[in-house]
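In the UniProt record's numbering, the protein residues as written are 1 to 263. Ideal Cβ placement from N, Cα and C applies to all residues, glycine included. Here is the structure we will look at, set down as structure tokens.
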Amino acid sequence: MGCCASNTAGGGSKASRVARWRSTGIIGLRDSKLKTFPDEVIVMERAVRTLDLTHNKISDVPGEISKLINMQRLLIADNLIERLPGNLGKLQSLKVLMLDGNRISCLPDELGQLIRLEQLSISRNMLIYLPDTIGSLRNLVLLNVSNNRLKSLPESVGSCASLEEIQANDNVIEELPASLCNLIQLKSLCLDNNQVKQIPDGLLKDCKSLQNLSLHNNPISMDEFQLMEGYQEFEERRKKKFDKQIDSNVMISSKGLDVGVDK
């Protein structure tokens, strides 16, 4: 670990900066040219609510991060991190974990201990698999694992009962777990640029909240897609969402209603 890059990193003198952090619980060190995890953060312990270390050059997250037990948001995207400590699982107040744009190849099993986690974003890394313990994240609403090296999603993901959005574009995923059909809250499933040949039989029928399913650049045809049970109901939900966007003057693609599968 180390000190902040300079007394002006984050604004003001070191003393005034630390006093402000302790008062607000918000530590903002984005774009601060940090190469190591700052010591000043760890000693704050229970006072930390939000920690933003985005866009630095940090390569290691120390095990002492477990002292930040009241932290709810950890933003550490666009660094040089290769691994996460198992002690991360002790941060049981954590609701948002942003790890995009690092060099992480695997996640610790202790990730499943983050029982309050609502958003997990780890796109643009080197993940080759997700731990089975991810199924313990019953409050997870958003899972973003796009731009990795995943060949599959674990069967346990079907236990993430609160999931509304899965972003898994630009991987090498070949098959999807049947357990996805358990995700009755799922609204959006994005799998563009993978190697998916078929989707679970009951997905369109059982995922009754699903409004967006994107499978562009996968070896699955529109004919196969349209023959799936529940396709008509899915189409109705998708068109209803599209109509709402028009009624609300929401900006939409010039292509109009995207069918989600290449013809």
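Beta-carbon proximity check, residue 177 vs residue 145, cutoff 9 Å = To locate residue 177, count along the sequence shown from 1; it is residue 177. To locate residue 145, count along the sequence shown from 1; it is residue 145. No, Cβ-Cβ distance for residue 177 and residue 145 is not below 9 Å.
ask   = If we call anything under 9 Å between Cβ atoms a contact, is residue 135 one with residue 159?
value = Looking up residue 135 in the sequence shown gives position 135. Looking up residue 159 in the sequence shown gives position 159. Yes. Within cutoff.
ask   = Hey, how far is the Cα of residue 20 from the Cα of residue 44?
value = What you label residue 20 is simply residue 20 of the sequence shown in a count that begins at 1. What you label residue 44 is simply residue 44 of the sequence shown in a count that begins at 1. The alpha-carbon atoms of residue 20 and residue 44 are separated by roughly 11 Å.
request  = Could you pull out every residue in the same chain whose Cβ sits closer than 7 Å to the Cβ of residue 67, ignoring the five residues on either side in sequence?
outcome  = Stepping through the sequence shown from its first residue, residue 67 is reached at position 67. The residues are 42, 45.
task = Mind listing, in chain order, the continuous alpha helix (DSSP H) runs of no fewer than 4 residues lying wholly within the region 101-153?
result = Runs of the alpha helix (DSSP H) inside the region 101-153: none found.
Three-state class that DSSP yields for residue 52 in the structure shown = The sequence position of residue 52 within the sequence shown is 52, counting from 1. Three-state DSSP puts residue 52 in a strand.
Three-state class that DSSP yields for residue 185 in the structure shown = As a first step, residue 185 is located in the sequence shown; it is residue number 185 there, counting from the start. Correct three-state label for residue 185: coil.
query = In chain order, which alpha helix (DSSP H) runs of at least 4 residues are fully inside the region 170-245?
reply = You should have 203-206, 222-226.
ask   = alpha helix (DSSP H) containing residue 20: first to last residue?
value = Within the sequence shown, numbered from 1, the residue matching residue 20 stands at position 20. Taken as a continuous stretch (DSSP letters only), the alpha helix (DSSP H) holding residue 20 covers 14-24.
Span separating the alpha-carbon of residue 25 from that of residue 162 = The residue labelled residue 25 in the question sits at position 25 within the sequence shown. The residue labelled residue 162 in the question sits at position 162 within the sequence shown. Rounded to whole angstroms, residue 25 to residue 162 spans 28 Å at the Cα level.
ask   = For residue 97, which of helix, strand or coil comes out of DSSP?
value = One-based indexing of the sequence shown puts residue 97 at position 97. Looking at residue 97 - three-state DSSP - the assignment turns out to be strand.
ask   = According to DSSP, which residues form a beta bridge with residue 83?
value = As a first step, residue 83 is located in the sequence shown; it is residue number 83 there, counting from the start. Answer is none; residue 83 lacks a bridge partner.
request  = List the whole-angstrom C-beta distance separating residue 94 from residue 117, where the pair is believed to meet the contact cut-off of C-beta under 8 Å.
outcome  = Residue 94 sits at position 94 when you count from the first residue of the sequence shown. Residue 117 sits at position 117 when you count from the first residue of the sequence shown. Going by Cβ atoms, the distance from residue 94 to residue 117 rounds to 6 Å, so yes, they are a contact pair.
request  = Look at residue 55 and residue 30 and say whether their C-beta atoms are less than 9 Å apart.
outcome  = To locate residue 55, count along the sequence shown from 1; it is residue 55. To locate residue 30, count along the sequence shown from 1; it is residue 30. Yes; because the gap between Cβ atoms is below 9 Å, this pair is in contact.
query = Should residue 80 be labelled buried (16 or more other beta-carbon atoms within 10 Å of its own) or exposed?
reply = Taking the sequence shown and counting its residues from 1, the one referred to as residue 80 is at position 80. Exposed.
inquiry  = To the nearest angstrom, how far is the alpha carbon of residue 202 from that of residue 230?
reply    = The count along the sequence shown starts at 1 and reaches residue 202 at position 202. The count along the sequence shown starts at 1 and reaches residue 230 at position 230. When rounded, the separation of the alpha-carbon atoms in residue 202 and residue 230 is 8 Å.
ask   = What is the rounded straight-line gap between the Cα of residue 218 and the Cα of residue 227?
value = Here the question's residue 218 lines up with position 218 in the sequence shown. Here the question's residue 227 lines up with position 227 in the sequence shown. Approximately 17 Å, taken between the alpha carbons.
request  = Compare the Cα-Cα distances from residue 120 to each of 240, 220, 165, 174 and report the closest residue.
outcome  = For the purposes of this step, residue 120 is taken as the residue at position 120 of the sequence shown. Here the closest residue by C-alpha is 165.
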